[in-house]
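Working notes, beginning with the structure itself.
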Amino acid sequence: MTVGQVPPGLTIPGWMEILETPLSIAKFGEPAMIRWLAASMKGWDSTFSSEDDSRTMVSTYVEIGIKRKTVNQQGQIVRTSWPKDAVANRRELILTQQVHALSFATSRHDPDASPDVPGLTRFDKGAATARQLAAFPGNSFVSAIVDGSSQPLVSILIPAFNRPDYLELALESALFQTYQNIEVIIGDDSTTDEVEELVRTKYLPNYGNIKYWRNAVNKGQYENDLDLIRSARGEFINFLMDDDLFHLDKIRRQMEYFSSHGGESIGLVTSQRAVIGADGTFQNLFAVAGDLYDETRKLKGREAIELSLKMNRNIFGEPTTVLFRKSMLLGEFGSLFDRPYTCNVDHSTWLQILQRGDAVFSSDALSAYRLHDGQQSWTPRAALGGAVDFCHATWELHLRGYLTNNQDFELALRKCIERGNSEQAKITDTATLDLESRELYENLTMYLRRFETYLEAERSGTNVDVR
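Residue 3 is where the sequence shown starts when you use our numbering, and the numbers rise one by one after that.
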């Protein structure tokens, strides 16, 4: 993107596309230049954040001599032009800016790669678009650049671990979001150098909104997640697992709920999610019991908590799926009532937030969960830990005024018992368990006895204190 006309004598390589920006636009600053670029370039749209915003920008264009043919309901400028004398007598400045732009683009160009150049000269999302079409068939995104100056900051947090190929795909699905005011923070917990080399050579020099560090020693995902969330500057936060993908319009669509009328009561926005294979192709939608995602709906925090406990499921989704308001956290990420969770670290966080705010469930698939050979398989620690975590959440939230309806509470307890018995039945010899798994097995046994005693007391009409 350059200001003014291309000066005579400046050689432009064939792979580079130059679009001139008139000074009459440039004087209004970067947001106006970006919008003008998006509106003027063939195949691009300029989508405004609201009708008022659209009318304001159109008025600005008219005031500075920009003629338009029409603007549609989405604020997309169909046609623009500008006075040729707007760039008169500025040849020297224009030449300097052109040379700078050419140097910027050349430093980013790999002749063996795609001829489209991302960065200053062109916002190229061709590869990311192709990945999206494979992962989210039939779910199009708004091809737009929206002025991010008035948008709340969203922090996208990526815990990375030894998967540079998948990380690159995940990272680009964050960088090419149609919502512009984002920061991307990568906490690298890898045991090899590949992720660091990728980020430092390809992304840090080219994107000013990326923050990266590599842990001196392997911390594990939980501690890495805590470091990421502590470093986030945004009021709104979304984790992105390094093998998953964002829909390119995810953040914009979900942020619309927070900025809508009554949005101040919302603590988190989640959505349906796609399941993709190792190659990134769509397999199916994630199975969630019931019709929760059949249509977009908003649930009060209490209602959402109790529904999750009665189903004994994390109905909100994995960290990649949920965009949440940081100020509504009641404690540290991954804990509930000061107890760090073993397995359900994301679910415990959603339960924290929903004690303060409400939840929106979007029927659109806005994230993709990738299935591949490198994922963790079933382990006694994960299975037992997940069952214990749900027992803890069910009991402790009931003590604090949730599930006050006896039938609802009994249903939640029975679900915990069914799950606990099922997980314990898979372990034929407790002597083979490591120390942590053995402790989880014993804790689960304690909860199951407590719940069965409670249910028996309810059936017999006796009063038994099982706290």
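Glycine included, C-beta positions come from ideal geometry on N, C-alpha and C.
Exercise. Could you give the distance in angstroms between the alpha-carbon of residue 429 and the alpha-carbon of residue 388?
Worked result: Straight-line Cα distance between these residues: approximately 15 Å.
Exercise. Going by the CB atoms, is the gap between residue 363 and residue 311 shorter than 8 Å?
Worked result: The beta carbons of residue 311 and residue 363 sit no closer together than 8 Å.
For this session: Output the distance between the C-alpha atoms of residue 375 and residue 459, rounded to the nearest integer angstrom.
Result: Annotation: residue 375 to residue 459 spans about 47 Å, alpha carbon to alpha carbon.
For this session: List the residues that DSSP assigns as beta-bridge partners of residue 430.
Result: Residue 430 pairs with nothing; no bridge assigned.
Exercise. To the nearest angstrom, how far is it from the Cα of residue 297 to the Cα of residue 365?
Worked result: Cα to Cα, the separation comes out at about 5 Å.
Problem set entry | Rounded straight-line distance, which links the Cα of residue 426 to that of residue 290 | If I take the Cα positions, the gap works out to 24 Å.
Exercise. Counting Cβ pairs, one atom from each stretch, are 3 or more of them under 8 Å apart for the segment 239 to 259 and the segment 163 to 183?
Worked result: Per the Cβ contact rule, the segment 239 to 259 is in contact with the segment 163 to 183 (3 or more Cβ pairs under 8 Å).
For this session: Using the Cα positions of residue 261 and residue 179, report the straight-line distance between them to the nearest angstrom.
Result: Spanning the alpha carbons of residue 261 and residue 179 requires a straight line of approximately 17 Å.
Exercise. Buried or exposed: which applies to residue 263, given that a residue is buried once 16 or more other Cβ atoms fall within 10 Å of its Cβ?
Worked result: By the neighbour-count rule (16 or more Cβ atoms within 10 Å), residue 263 is not buried but exposed.
Problem set entry | residue 190 (DSSP reduced to helix, strand or coil) | Strand, per DSSP.
Exercise. Among 435, 163, 276, which has the Cα closest to the Cα of residue 219?
Worked result: Closest in alpha carbon position to residue 219, among 435, 163, 276, is 163.
Exercise. What does DSSP give as the partner residues of residue 271 in its beta bridges?
Worked result: Its beta-bridge partners are 325, 362.
Problem set entry | Three-way DSSP call (helix, strand, coil) for residue 258 in this model | In the three-state reduction of the DSSP assignment, residue 258 falls in the helix class.
Problem set entry | Beta-ladder partner(s) of residue 337, from DSSP | Residue pairing of residue 337 in beta bridges, as defined by DSSP: 342.
Exercise. With distances taken between CB atoms, is the gap from residue 233 to residue 188 smaller than 8 Å?
Worked result: No, these two residues do not count as a Cβ contact at 8 Å.
For this session: Starting from the Cα of residue 438, find the closest Cα among 326, 381, 192 and give me that residue.
Result: Closest in alpha carbon position to residue 438, among 326, 381, 192, is 381.
Exercise. At which residues does the beta strand (DSSP E) containing residue 153 begin and terminate?
Worked result: Careful: residue 153 lies outside any beta strand (DSSP E) and carries neither H nor E.
For this session: Let me know the alpha helix (DSSP H) ranges lying completely inside the segment 179 to 230, each 4 residues or longer, listed in chain order.
Result: As far as the segment 179 to 230 is concerned, its whole alpha helix (DSSP H) runs of at least 4 residues are 196 to 200.
For this session: Might you give, ordered along the chain, the residues of its own chain that have their beta carbon closer than 6 Å to the beta carbon of residue 449, omitting 5 neighbours on each side?
Result: So the list reads 393, once near-sequence residues are dropped.
Exercise. Taking the alpha-carbon positions, what's the residue 193 to residue 214 distance?
Worked result: If you take the alpha carbons of residue 193 and residue 214, they lie about 16 Å apart.
Problem set entry | Residue burial classification, residue 207 (beta-carbon count within 10 angstroms, cutoff 16) | Burial call: exposed.
For this session: Determine the burial state of residue 293: buried for a count of at least 16 other Cβ atoms within 10 Å of its Cβ, exposed for fewer.
Result: The residue is exposed, with fewer than 16 neighbouring Cβ atoms inside 10 Å.
Exercise. By Cβ distance, which residues of its chain are closer than 8 Å to residue 446, with the 5 residues on each side in sequence left out?
Worked result: Exclusion of the five residues before and after residue 446 leaves 386, 389, 390, 393, 422, 425, 426 as the residues of its chain whose Cβ lies within less than 8 Å of its Cβ.
For this session: State whether the segment 397 to 405 contacts the segment 314 to 329, with contact taken as three or more CB pairs (one from each stretch) at a distance under 8 Å.
Result: Flag = no, the segment 397 to 405 and the segment 314 to 329 do not touch.
Problem set entry | Distance CB(residue 327)-CB(residue 359) smaller than 8 Å | The criterion of a C-beta distance shorter than 8 Å is satisfied by residue 327 and residue 359.
Exercise. Per DSSP, which one or two residues make a beta bridge with residue 252?
Worked result: Under DSSP, no beta-bridge partner is assigned to residue 252.
For this session: On the DSSP bridge assignment, give the partners of residue 173 in chain order.
Result: Residue pairing for residue 173: DSSP places it in no beta bridge.
Exercise. Alpha carbon to alpha carbon, how far is residue 304 from residue 277?
Worked result: Distance from the CA of residue 304 to the CA of residue 277, rounded to the nearest whole angstrom, comes to 29 Å.
For this session: Grab the span of the beta strand (DSSP E) containing residue 299 for me, first residue to last.
Result: Looking at the DSSP string, the run of the beta strand (DSSP E) that includes residue 299 is 299 to 301.
Exercise. Excluding sequence positions up to five away, which residues of its chain have a Cβ less than 7 Å from the Cβ of residue 321?
Worked result: Same-chain partners within the cutoff: 241, 243, 348.
Exercise. Considering only residues of the same chain and omitting the five flanking positions on each side of residue 217, which have a CB-CB separation below 6 Å?
Worked result: Answer for residue 217: 191, listed in chain order.
For this session: Indicate the three-state DSSP secondary structure (helix, strand or coil) for residue 309 in the structure shown.
Result: Secondary structure at residue 309: helix, using DSSP grouped into helix, strand and coil.
Exercise. How about residue 270 and residue 132: are their beta carbons less than 8 Å apart?
Worked result: Not in contact: residue 270 and residue 132 (Cβ atoms no closer than 8 Å).
For this session: Taking residue 398 as the reference, give the member of 196, 227, 237, 308 with the closest Cα.
Result: Of the candidates 196, 227, 237, 308, the residue whose Cα lies closest to the Cα of residue 398 is 308.
Exercise. Taking residue 418 as the reference, which of 441, 431, 212, 456 has the closest Cα?
Worked result: Closest in alpha carbon position to residue 418, among 441, 431, 212, 456, is 456.
Exercise. Just the Cα atoms here: how many angstroms apart are residue 370 and residue 340?
Worked result: Take the alpha-carbon of residue 370 and the one of residue 340: they are about 31 Å apart.
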